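Asker: Attaching a single structure in structure tokens format; questions to follow.
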Amino acid sequence: MRFTSHRDFSRAFERAVFRARVPMAYSSGFNPHPRISYAGASPTGAASEAEYLELALAQVVDPADIQAQLDEVMPDGLDIVDVVTSPGGALADVLTASTWMIDIPIDPAVAESAVSTFLAAESVPVERMTKRGLREFDCRAAVLALTAGPAPEGTPGTRLALTLRHVEPAVRPDDVMTGLRSVADLDLGSAAPLLTRLEQGLLDEETGAIGDPLRADVKRI
26 MRFTSHRDFS RAFERAVFRA RVPMAYSSGF NPHPRISYAG ASPTGAASEA EYLELALAQV
86 VDPADIQAQL DEVMPDGLDI VDVVTSPGGA LADVLTASTW MIDIPIDPAV AESAVSTFLA
146 AESVPVERMT KRGLREFDCR AAVLALTAGP APEGTPGTRL ALTLRHVEPA VRPDDVMTGL
206 RSVADLDLGS AAPLLTRLEQ GLLDEETGAI GDPLRADVKR I
């Protein structure tokens, strides 16, 4: 499931909507599409426990019924965790930060030293190929918190805990890993880090906590 792209997911979800006979609202024009809005999709290669989307429906329904209908037809590994009535506004406005778990096959002491070097840097420029071509940006500015510790018992290596602010251009966990390699020579060899998004939502600037974006009292613009 980590290697399911956002396009693959959206295709699977739209098929599930049709199979579940959800009363969708459609866009106007010559080629109408179901009104589904995605926000903050995780990059290909990452698992996620916190993906959000919005559906526009043609009639008022019980959210619990929609959840049950979709759960019956979604592919294994794609689970509907919750369905609520949208409080309105743009979903992207309340997805301003996210937390990640990154497992790497590196000795914890080496990883902790690399993290300290990274956090001490004022900026860490990295390059990534985007739709607009190769772009350079500062990945350090988006990192709100980064810690390293031993992986769970029975698993060798290190587990990184990363909190990212959502900025433009987007900084991804793999960008941070690139930054760790560039400023601290953190070498994973041929191994790939295992990325898992644990949560995303509205960042509290005072506490650093990330709020639940589905709460009805979350203010949207």
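By our numbering, the letter at position 90 of the sequence shown is numbered 115, and the numbering carries on one by one without gaps. Where a beta carbon is used, it is the ideal one built from N, C-alpha and C, also for glycine. Keep in mind the model is a prediction, meaning the values are calculated, not measured.
Excluding the 5 residues flanking Val-86 on each side, which residues of the same chain have their C-beta closer than 7 Å to its C-beta?
Answerer: On the sequence shown, residue 86 is found 61 positions in, with the first residue counted as 1. Contacts found: Pro-48.
Asker: Fully enclosed by the stretch 96-154, which alpha helix (DSSP H) runs are 4 residues long or longer?
Answerer: Fully enclosed alpha helix (DSSP H) runs of 4 or longer: 133-145.
Asker: Taking the alpha-carbon positions, what's the Tyr-77 to Gly-65 distance?
Answerer: For this step, residue 77 is matched to residue 52 along the sequence shown. For this step, residue 65 is matched to residue 40 along the sequence shown. Cα to Cα, the separation comes out at about 7 Å.
Asker: Around the Cβ of Ala-50, are there at least 16 other Cβ atoms within 10 angstroms (buried) or fewer (exposed)?
Answerer: In the sequence shown, counting from the first residue as 1, residue 50 sits at position 25. Looking at its Cβ environment, which holds fewer than 16 other Cβ atoms inside 10 Å, Ala-50 is exposed.
Asker: Starting from the Cα of Leu-21, find the closest Cα among Asp-118, Leu-187, Ser-141 and give me that residue.
Answerer: Because the chain spans 26 through 246 in this model, residue 21 falls outside it and cannot be assessed.
Asker: Could you work out which residue in Arg-222, Ser-30, Gly-102, Val-192 is closest to Thr-121 when comparing CA atoms only?
Answerer: Here residue 121 refers to the residue found at position 96 of the sequence shown. The shortest Cα separation from Thr-121 among Arg-222, Ser-30, Gly-102, Val-192 belongs to Val-192.
Asker: From Leu-189 to Ile-105, what distance separates their C-alpha atoms?
Answerer: Here residue 189 refers to the residue found at position 164 of the sequence shown. Here residue 105 refers to the residue found at position 80 of the sequence shown. Each residue's alpha carbon lies about 24 Å from the other.
Asker: Where does Met-26 sit, in a helix, a strand or coil, going by DSSP?
Answerer: The residue labelled residue 26 in the question sits at position 1 within the sequence shown. In the structure shown, Met-26 sits in coil (DSSP, three-state: anything other than H, G, I, E or B).
Asker: Quick one: grab the DSSP three-state call for Pro-59.
Answerer: Taking the sequence shown and counting its residues from 1, the one referred to as residue 59 is at position 34. Of the three classes helix, strand and coil, the one that applies to Pro-59 here is strand, per DSSP.
Asker: Pull up the distance between the alpha-carbon of Thr-183 and that of Ala-134, whole angstroms please.
Answerer: Taking the first residue of the sequence shown as position 1, residue 183 is located at position 158. Taking the first residue of the sequence shown as position 1, residue 134 is located at position 109. Their Cα atoms are separated by approximately 9 Å.
Asker: In chain order, what residues of the same chain lie with their CB nearer than 7 Å to the CB of Asp-200, ignoring the 5 residues before and after it?
Answerer: To locate residue 200, count along the sequence shown from 1; it is residue 175. Only Val-151, Arg-153, Cys-164 meet the Cβ criterion.
Asker: Could you check if Phe-43 is buried or exposed, using at least 16 other CB atoms within 10 Å of its CB as the buried criterion?
Answerer: Here residue 43 refers to the residue found at position 18 of the sequence shown. Phe-43 comes out exposed.
Asker: In angstroms, rounded to a whole number, what distance separates the CA positions of Glu-224 and Thr-232?
Answerer: On the sequence shown, position 199 is the one that residue 224 refers to. On the sequence shown, position 207 is the one that residue 232 refers to. Whole-angstrom Cα-Cα distance: 16 Å.
Asker: Val-168 by DSSP, collapsed to three states: which one?
Answerer: Working through the sequence shown from its first residue, we reach residue 168 at position 143. Here Val-168 sits in strand by DSSP.
Asker: When burial is assigned at 16 or more other CB atoms within 10 Å of the CB, is Met-202 buried or exposed?
Answerer: By 1-based counting over the sequence shown, the position of residue 202 is 177. With 16 or more other Cβ atoms within 10 Å, it is buried.
Asker: Ordered along the chain, which non-local residues of its own chain (more than five positions away) have a Cβ less than 6 Å from that of Ala-75?
Answerer: Along the sequence shown, read from residue 1 onward, the residue named residue 75 stands at position 50. If we look at Ala-75 and ignore the five residues flanking it on each side, its Cβ neighbours are Arg-222, Glu-224, Gln-225.
Asker: For the putative contact between Gly-113 and Val-149, defined by C-beta atoms under 8 Å, what is the C-beta separation to the nearest angstrom?
Answerer: Within the sequence shown, numbered from 1, the residue matching residue 113 stands at position 88. Within the sequence shown, numbered from 1, the residue matching residue 149 stands at position 124. No, Gly-113 and Val-149 are not in contact; Cβ-Cβ is about 38 Å, not under 8 Å.
Asker: Would you mind working out which of Glu-178, Ser-52, Ser-53, Thr-29 sits nearest Asp-128, comparing C-alpha positions?
Answerer: Along the sequence shown, one-based indexing puts residue 128 at 103. When only C-alpha atoms are compared, the closest one is Glu-178.
Asker: Determine the burial state of Gln-94: buried for a count of at least 16 other Cβ atoms within 10 Å of its Cβ, exposed for fewer.
Answerer: Here residue 94 corresponds to residue number 69 of the sequence shown, with the count starting at 1. Buried, since its Cβ has 16 or more Cβ neighbours within 10 Å.
Asker: Could you check what DSSP says for Asp-163 in three-state terms: helix, strand or coil?
Answerer: Walking along the sequence shown from the start, residue 163 turns up at place 138. DSSP places Asp-163 in strand when its eight states are reduced to three.
Asker: Relative to the alpha-carbon of Ala-234, which residue among Ala-170, Ala-195, Pro-181 has its alpha-carbon at the smallest distance?
Answerer: Taking the sequence shown and counting its residues from 1, one reaches residue 234 at position 209. It is Ala-170.
Asker: May I ask you to report which of helix, strand or coil DSSP gives Leu-187?
Answerer: As a working mapping, residue 187 is identified with position 162 in the sequence shown. Note: Leu-187 maps to strand in three-state DSSP.
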